[in-house]
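Everything in the sequence shown is counted per the UniProt record's numbering, starting at 1 for the first residue and increasing by one. Just so it is clear, CB atoms sit at the ideal spot from N, CA and C, and this is done for glycine as well. Since the model is a prediction, treat every value here as computed from it, not as a measurement. To keep things clear, I will list the structure first and then write my remarks on it.
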Amino acid sequence: MRKPIAQRIKELEERRRSLQSRLDRQERAQTTRRKIVLGSFVLEHLAQDGDGDTGDQCDQCDLRQWLAAQLPAFLVRDADRALFADLLEECRMGQVHDVTDGNAQRSNGHHRHANGSQADVIGDKEP
């Protein structure tokens with residue numbers, strides 16, 4: 001004997017909710033993994049000594065400047081600020097170091113790098 005239609009609909013709706021829940025968990029896990037991998041990539045890039053060509057050094061400088069400018073506004077919780085305090089300090093120190101060690105010179109709102117390329121300054125403040 002077949003189940004009544006109402007019961008079958010109810011079972012199908014339960015199955016749909018179960019599958020939707022599984023899909024949501026998979027998507028959250030994928031999003032979390034993407035964040036971890038991207039964060040790992042950024043941290044690895046920042047940790048490089050700049051042994052590559054001058055373009056890599058400038059990219060690293062630009063990344064440090066961008067992080068120093070953008071990350072503080074993104075970190076709204078005190079615990080998150082504490083977690084990234086060392087990274088932010090390194091980025092700030094990297095900005096000062098990059099400008100004062102001859103790798104970059106400030107000129108008309110731009111940084112002029114040792115290789116002659118220019119990069120826009122983030123914000124109006126001197127790094």
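Check whether the Cβ atoms of residue 75 and residue 91 sit closer than 7 Å, and answer yes or no. Residue 75 sits at position 75 when you count from the first residue of the sequence shown. Residue 91 sits at position 91 when you count from the first residue of the sequence shown. The answer is no: Cβ separation not under 7 Å.
Supposed contact pair residue 71 and residue 88 - C-beta distance, whole angstroms, cut 8 Å: Your numbering for residue 88 matches position 88 in the sequence shown. Your numbering for residue 71 matches position 71 in the sequence shown. Contact flag correct, Cβ pair sits at about 6 Å.
Which ranges does the alpha helix (DSSP H) cover as unbroken runs of at least 4 residues, wholly within the region 20 to 96, from first to last along the chain? DSSP runs (the alpha helix (DSSP H)) wholly in the region 20 to 96: 54 to 74 and 78 to 83.
By a C-beta neighbour count over all protein chains shown, 10 Å radius and 16 as the cutoff for buried, is residue 60 buried or exposed? Counting from one through the sequence shown, the residue named residue 60 turns up at place 60. Under this definition residue 60 is a buried residue.
heavy atom of the ligand NAP below 6 Å from residue 68 C-beta: Ligands are entirely absent from the displayed structure, and the ligand NAP is therefore not among its contents.
C-alpha distance - residue 45 paired with residue 13, whole-angstrom precision: The sequence position of residue 45 within the sequence shown is 45, counting from 1. The sequence position of residue 13 within the sequence shown is 13, counting from 1. Their Cα atoms are separated by approximately 48 Å.
Starting from the C-beta of residue 122, find all residues in its chain whose C-beta is less than 7 Å away, skip the five residues before and the five after it, and write them out in chain order. Position 122 of the sequence shown, counted from the first residue, corresponds to residue 122. Below a pLDDT of 50, predicted positions are generally treated as unreliable, and residue 122, at 39, falls in that range; no measurement from the model is reported.
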